[in-house]
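Its first residue numbered 11, the sequence shown is counted upward by one per residue in our numbering.
Beta carbons are placed, not taken as given, at the ideal position from N, Cα and C, and that holds for glycine.
Computed from a prediction, not measured in an experiment: that's the story for all the values here.
Written out below as structure tokens is the structure these notes cover.
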Amino acid sequence: MRFCYVLLFLMSLATFALSAPAAPTAPKPGLAKPELPYDYQIVPGDVLEISVWREEGLDLKILVRPDGGISFPLIGSVVAGGRTVDQLRDEISKRLGDFLSSPEVTVAVVNSNQKIYVVGKVGKPGEFLILKRITVMQALAMAGGLTPFADRDDIGILRRKGKDELRLPFDYDSVESGEKLEQNILLQDGDVVVVP
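Written as structure tokens, this is what we have:
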């Protein structure tokens, strides 16, 4: 008989434990999605979430086409590439104004596609997805730093400007010692850091 009471007591404890709300858990480090800077410029391959308040049919996730454009209901093609989220929101709002009374538009980048490349004598050469603008030194750190045989004073940044490609010099030792800091530029989408 005593065994039955003990068993009933244990079952009631188990039921209480299962029905109690779970304690909040701290987010795992490294899993939070970094926020994009306010001046982030949209690039082809980004995924945008665009919604218009009280217009369910106008809540969409849209991939930015290779030409930088998107297609949106009612207004057709819109240039998104090279614009900030605020600039795109204002353009969509303005054009929707021909069809809706005071449309309230929200635009968010839900998946960024900006990439830089670090090649040559670094610890981990390759392609790096960047969610914010970074400097050459930060890119080299992301790539595992320079190897012992790297030519530290002849690093170059390749940047495409229209049909032309520029090579910008970078002297690692000078920048590291606090000189020639103007060489530690902010990288742009598609830049290639070459470490000979």
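How would you call Val205, buried or exposed, if buried means at least 16 neighbouring beta carbons within 10 angstroms?
buried
Take Ala90 as the anchor and find which of Asn121, Gln51, Val115 has the nearest alpha-carbon.
Ranking the options by Cα distance to Ala90, first place goes to Gln51.
Can Val74 and Asp100 be called in contact, C-beta distance under 8 Å?
Cβ distance not < 8 Å, so Val74 and Asp100 don't count as in contact.
In the DSSP assignment, what residue or residues form a beta bridge with Thr94?
Beta-bridge pairing links Thr94 to no other residue.
Compute the distance between the beta-carbons of Gly133 and Gly166, then report whether it is under 8 Å.
no
What's the call for Tyr48, buried or exposed, on a 16-neighbour Cβ count within 10 Å?
exposed
Where Gly86 and Trp63 are concerned, what is the direct C-alpha to C-alpha distance, given to the nearest angstrom?
19 Å
Hey, Lys131 and Ala160: beta-carbon distance below 8 Å or not?
Using a Cβ distance threshold of 8 Å, Lys131 and Ala160 count as a contacting pair.
For Ile80, which residues does DSSP report across the bridge?
Val88
Contiguous beta strand (DSSP E) assignments of at least 3 residues, all confined to the stretch 111-135:
Here the runs fully enclosed are 115-121, 125-130.
Give me, in chain order, the residues of the same chain whose beta-carbon lies closer than 7 Å to that of Val185; leave out the 5 immediate sequence neighbours on both sides.
Met147, Leu191, Gln193, Asn194
Which first and last residues belong to the alpha helix (DSSP H) in which Ile61 is found?
One point to set straight first is that residue 61 is Ser, not Ile, in the sequence displayed. Counting along the chain, Ser61 falls outside any alpha helix (DSSP H), though it belongs to the beta strand (DSSP E) covering 57-62.
Compare the C-beta of Ile195 with all C-beta atoms of chain D and state if any pair is closer than 8 Å.
The displayed structure is made up of one protein chain only, and chain D is not part of it.
Answer with buried or exposed for Ala149, where buried requires no fewer than 16 other C-beta atoms within 10 angstroms of its C-beta.
buried
For Ile144, I'd like the list of residues in its chain whose CB is within less than 8 Å of its CB, leaving aside the five on either flank, ordered along the chain.
Ile126, Met152, Leu196, Leu197
If you drop the 5 nearest sequence neighbours on each side, which residues of the same chain put their C-beta closer than 8 Å to that of Pro83?
Cβ within range, chain order: Gly67, Leu68, Leu70.
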